[in-house]
Amino acid sequence: MEFEFVPVDYDYFDHGGRNYVRLIGRNGKGEKVCVVDSYEPNFYLILKDGADADKIVKKISKISVEKGSRVTKIEKTEILDKKYLGKDVKAIRVYVTNHKDAHDVASEIGDMDEIEKRREYDVPIITKYIKENGVEPLKWYTVDAEAEEEWMMDDIDCFRAKKISLVSEQKKFVPKILAYDIETSEREIGKGEILMVSLVGEGIRKVLTWKKCKGAGDYVEFFDDEADMLEKFVEYVNDYGPDVLTGYFSDGFDLPYLKARADVNKVNLSLGVTGRAPSFTRGRIPSGKIAGIVHVDLYRFIDAVFSQYLQSETLSLNEVAKELVGEEKEDFDFVKLGNMKESDWCDFFSYNLQDSAVTLKLAEKIWPDVYEFCQIVKEPAFDITRDRMATHVENHILHNLDRFDEIAEKRPMHNEIGERRAKGKFEGAFVFEPKPGLYNDLVMFDFTSMHASIIVSFNLSKATFSEDGGKGFHESPEFDLDSRKRKVYFADKPGFFSTLLSEVVDKRKKYKKEYNADKNAMTKARSNAYKLLANATFGYQGFFGARYYSREAAAATLAFVRKYTHDTMDKVTNAGYTIIYGDTDSIAFLQNGKSKDEIMKFLGEINSDLPGIMELDLEDFYSRGLFVAKRGATTGAKKKYALVDQEGKIKIRGFETVRRDWCRLTRNLQSDILGKIMKDGDEKESLKMLKDVVKKLKGRDVDMEDLMIRTQLRRPISEYVAQGPHVIAAKKMEQSGISVSTGMLIEYFVGEGSGKRVGDRVYLAGESVKYDIDYYMKNQILPAVENIFDVFGVDASAVADGESQKKLF
DNA sequence: GGAGTTCGCATACC
DNA sequence: ACAGGTATGCGAACTCC
Numbered sequence: 000m001e002f003e004f005v006p007v008d009y010d011y012f013d014h015g016g017r018n019y020v021r022l023i024g025r026n027g028k029g030e031k032v033c034v035v036d037s038y039e040p041n042f043y044l045i046l047k048d049g050a051d052a053d054k055i056v057k058k059i060s061k062i063s064v065e066k067g068s069r070v071t072k073i074e075k076t077e078i079l080d081k082k083y084l085g086k087d088v089k090a091i092r093v094y095v096t097n098h099k100d101a102h103d104v105a106s107e108i109g110d111m112d113e114i115e116k117r118r119e120y121d122v123p124i125i126t127k128y129i130k131e132n133g134v135e136p137l138k139w140y141t142v143d144a145e146a147e148e149e150w151m152m153d154d155i156d157c158f159r160a161k162k163i164s165l166v167s168e169q170k171k172f173v174p175k176i177l178a179y180d181i182e183t184s185e186r187e188i189g190k191g192e193i194l195m196v197s198l199v200g201e202g203i204r205k206v207l208t209w210k211k212c213k214g215a216g217d218y219v220e221f222f223d224d225e226a227d228m229l230e231k232f233v234e235y236v237n238d239y240g241p242d243v244l245t246g247y248f249s250d251g252f253d254l255p256y257l258k259a260r261a262d263v264n265k266v267n268l269s270l271g272v273t274g275r276a277p278s279f280t281r282g283r284i285p286s287g288k289i290a291g292i293v294h295v296d297l298y299r300f301i302d303a304v305f306s307q308y309l310q311s312e313t314l315s316l317n318e319v320a321k322e323l324v325g326e327e328k329e330d331f332d333f334v335k336l337g338n339m340k341e342s343d344w345c346d347f348f349s350y351n352l353q354d355s356a357v358t359l360k361l362a363e364k365i366w367p368d369v370y371e372f373c374q375i376v377k378e379p380a381f382d383i384t385r386d387r388m389a390t391h392v393e394n395h396i397l398h399n400l401d402r403f404d405e406i407a408e409k410r411p412m413h414n415e416i417g418e419r420r421a422k423g424k425f426e427g428a429f430v431f432e433p434k435p436g437l438y439n440d441l442v443m444f445d446f447t448s449m450h451a452s453i454i455v456s457f458n459l460s461k462a463t464f465s466e467d468g469g470k471g472f473h474e475s476p477e478f479d480l481d482s483r484k485r486k487v488y489f490a491d492k493p494g495f496f497s498t499l500l501s502e503v504v505d506k507r508k509k510y511k512k513e514y515n516a517d518k519n520a521m522t523k524a525r526s527n528a529y530k531l532l533a534n535a536t537f538g539y540q541g542f543f544g545a546r547y548y549s550r551e552a553a554a555a556t557l558a559f560v561r562k563y564t565h566d567t568m569d570k571v572t573n574a575g576y577t578i579i580y581g582d583t584d585s586i587a588f589l590q591n592g593k594s595k596d597e598i599m600k601f602l603g604e605i606n607s608d609l610p611g612i613m614e615l616d617l618e619d620f621y622s623r624g625l626f627v628a629k630r631g632a633t634t635g636a637k638k639k640y641a642l643v644d645q646e647g648k649i650k651i652r653g654f655e656t657v658r659r660d661w662c663r664l665t666r667n668l669q670s671d672i673l674g675k676i677m678k679d680g681d682e683k684e685s686l687k688m689l690k691d692v693v694k695k696l697k698g699r700d701v702d703m704e705d706l707m708i709r710t711q712l713r714r715p716i717s718e719y720v721a722q723g724p725h726v727i728a729a730k731k732m733e734q735s736g737i738s739v740s741t742g743m744l745i746e747y748f749v750g751e752g753s754g755k756r757v758g759d760r761v762y763l764a765g766e767s768v769k770y771d772i773d774y775y776m777k778n779q780i781l782p783a784v785e786n787i788f789d790v791f792g793v794d795a796s797a798v799a800d801g802e803s804q805k806k807l808f
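Residue numbers for the first sequence follow numbering that gives the first Met the number 0, so the first one is 0 and each next one is one higher.
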């Protein structure tokens, strides 16, 4: 029979020693179905020049590997003309019985004299399957298949595929999403009980609990105990039959907790289609996989892909939801948990429901991005939502190699990673040292996707790199690499790496236009996905875990970045402008009375000289810009400035205002002062703001909330060498029974006391200790405003002192 | 035991 | 371990006399 089918979830199993890929998705009628496709696992042997392929085939054909009851043989071979790192090679494609043994078979073949390399045994089977069979996630296919009794599952039909072909008219797949959230009596996984579980999806809003509260909303369903509640949870999820089950931090909390409590309660947590409990893959962070339902931990996707573009200071559900979907969830006072009144439970139920409701909204908002990454990178949504940018870049390459007949490079082994890391850094970009001051009428130019456009324009990659150069190669600028001055060379003929990147850059441009013409979630996601991929590609080549790692290409990219920034700066200076600042790919300079038209014409002239796809863009015109000195010095501070555009919109970079590890009092004051100065063009009015805050501080009139300092704990407490204030605060938290974990924001204030170290005077919220006026004055307020007022020749410390004298008398 | 310096650490910019 | 280098600036811990 034939039907339309969209694969959503992928996994594989063995049958008769062979690999089968199981695709779970929807058919044209919207029913969940399972399609099993066969897969012929294989890897490549790359032969040395002049090797006798037939002889090798003969020699290896008898090889087999025994693993328990499984015997893997060489099933067949093909002798092919392929490419490896851009060069023509003769290769043998070796088909084996089972992918899991491909590595062992490759090892068994060993380092025969005539074999140069063995490749692709280390590419994960699902990636290989998608790459070779072309059955890509979230695309529609026509499947010719027959029902397969043996593989039928409880709830869904299963078919054995005979032929899978892409549908020419693609429609967008819209998943059925279910969000969930649990509340527990203890944070530590499995230690406490699960008090309630909420589920929110289209047509479902439920809180399941075994706690009691009269007058709870009718979304609450009561059960006798935790076990009954868990059983019903499984039933509801499976009856709903979502494509995506999503939580926030659910890989690290909700799902493992559910599994742990299900085990204790002897409940079969048979979510999904196989009747088995979720499994957890090993790794830095365990990933909870449910067969036939894509379990999406939104936190992980946001953390890996979006966090650097978010304003949120933490990645808490509340803050992220506020920024992305403009929704603030209601709060619940967890302190109450120890001593709950019945009515408190009603509040807790409501809170729990809200968490799932917000998670669902967030999932709906983010789905277009997941979808686009799936389309571009061609990996299943489960992986797309967990992989980091380096892996996305790499998978995008892997899935496109066949267009170039390229055999994939291998993953670096442990020792190779060590060697790469041991090499240390290479020189990066150039930052112009500004002269402190307040400037009027500035222009900022910046290069669009500078690193990517340089990689494309100069073909910088592992495969095109040459130590010596020669005919058909061009040279890099001279640069220092491992304390030796050198030039390196790259082939003129575009390699697959820069070709793929140029496609990404082109598409980014195209989809940015599309987005500007038609602003919606989908067009934005598409444009954004290509931007992220383009931006991460430079970092990828310098990343020690990359298959296509190239220290030379990465270092050369930066040498080109420096060259073009310097060259452009020279042009700006020679044209009679005064450069004020520049960082990596941007240049800010004074308009010097020139008109916008003249400046745009000048920009055009620079562009006509730029090679390849490099492009300089107008960032903006600014009516004012403030640059300050480094603390305790007269030299200008880099990466620290304020600009105001001609609409009065202020852009603040690097200042304490934008740093989350400074207290609110400091940040708000500095932000107010900067705002006023940028608006007025002088410091007079803003001095009053400083005086007011000093008065409040000395008068002990400041809200404690504004004095809390927040610093992230970035490793386990025991691993710290230096006992900084936040480490001491974290220890204090532990002593008072609050569990602390890596990644947490530690919150404290500095109080009065005799201790020499700041850490000796660190207190947690709620401790009844007076705040240390002197500390907040000398270590918070003054450092943040001194160098700003210095620009105007005003001594902030004297002003503050004057204010405190007045107060004293 | 105090001053000066280095080091560890967090966070930002691009 | 899961893109890169450049930069500021705090506070602790060390060095030196």
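Just so it is clear, CB atoms sit at the ideal spot from N, CA and C, and this is done for glycine as well.
Put simply, the stretch 4 to 18 does not touch the stretch 79 to 89. Fewer than three CB pairs are less than 8 Å apart. For L712 and I91, the gap between their C-alpha atoms comes out near 51 Å. CA-to-CA, the gap between L686 and G647 works out to about 21 Å. Between M111 and I45, the gap from beta carbon to beta carbon reaches 8 Å or more. Per the coordinates, the alpha-carbon of Y770 lies some 28 Å from the alpha-carbon of D789.
Comparing alpha-carbon positions, the option among T313, A320, D153, F300 lying closest to N237 turns out to be D153.
Nearest to E432 by alpha-carbon distance, out of A524, M568, E551, is M568. For E131, the enclosing alpha helix (DSSP H) covers residues 124 to 132. In the DSSP assignment, G200 is bridged to L177, I203.
In the three-state reduction of the DSSP assignment, F537 falls in the helix class. Rounded to the nearest whole angstrom, the CA to CA distance from R204 to V122 is 42 Å. Secondary structure of V104 (DSSP, three-state): helix. Where Q711 is concerned, the enclosing beta strand (DSSP E) starts and stops at 708 to 711.
Counting only the Cα atoms, A462 lies some 29 Å from N606. Fewer than three pairs of CB atoms, one per stretch, sit closer than 8 Å, so the stretch 635 to 644 makes no contact with the stretch 600 to 614.
Annotation for V295: V243, T245, T384 place their beta carbon closer than 6 Å to its own, counting only its chain and skipping 5 residues before and after.
Each of E597, D619, L531, P411 was checked against the Cα of V304, and the nearest Cα belongs to L531. The bridge partners DSSP lists for K86 are Y83. Separation of the CB atoms of L664 and D691 is rounded to 11 Å, and the pair is thereby denied contact status at 8 Å. Contact between M613 and Y563 holds: their C-beta atoms lie close to 7 Å from each other, under 8 Å. By the CB criterion at 8 Å, V324 and K377 fall outside the cutoff.
When secondary structure is reduced to three states using DSSP, F305 falls in the helix class. Counting only unbroken stretches of 3 or more residues, the beta strand (DSSP E) elements lying wholly within the stretch 292 to 370 are 293 to 296, in sequence order.
Taking a contact as a CB-CB distance under 8 Å, the pair I406 and Y43 counts as one, their CB atoms being some 5 Å apart. Here the alpha carbon of S753 sits roughly 33 Å from the alpha carbon of I672.
The C-alpha of R186 lies about 13 Å from the C-alpha of V334.
For S738, the secondary structure class from DSSP, reduced to helix, strand or coil, is coil. With contacts defined by Cβ atoms closer than 8 Å, L207 and F172 do not form a contacting pair. When the alpha-carbon of R283 is set against those of G251, D354, R561, the nearest one is in G251. If you look at S497, you'll find it in the alpha helix (DSSP H) that goes 495 to 516.
Residue burial annotation: P715 is exposed, with fewer than 16 other C-beta atoms found within 10 angstroms of its C-beta. One thing to note: E113 has its Cβ no nearer than 8 Å to the Cβ of V95. Comparing C-alpha distances from E477 to each of D343, S197, E408, E551 shows the shortest one belongs to E551. Per DSSP, reduced to three states, the secondary structure at P255 is helical. Here the alpha carbons of A574 and E604 stand approximately 11 Å from one another. Using a 10 angstroms sphere on the CB of I193, the tally of other CB atoms reaches 16 or more, which defines it as buried.
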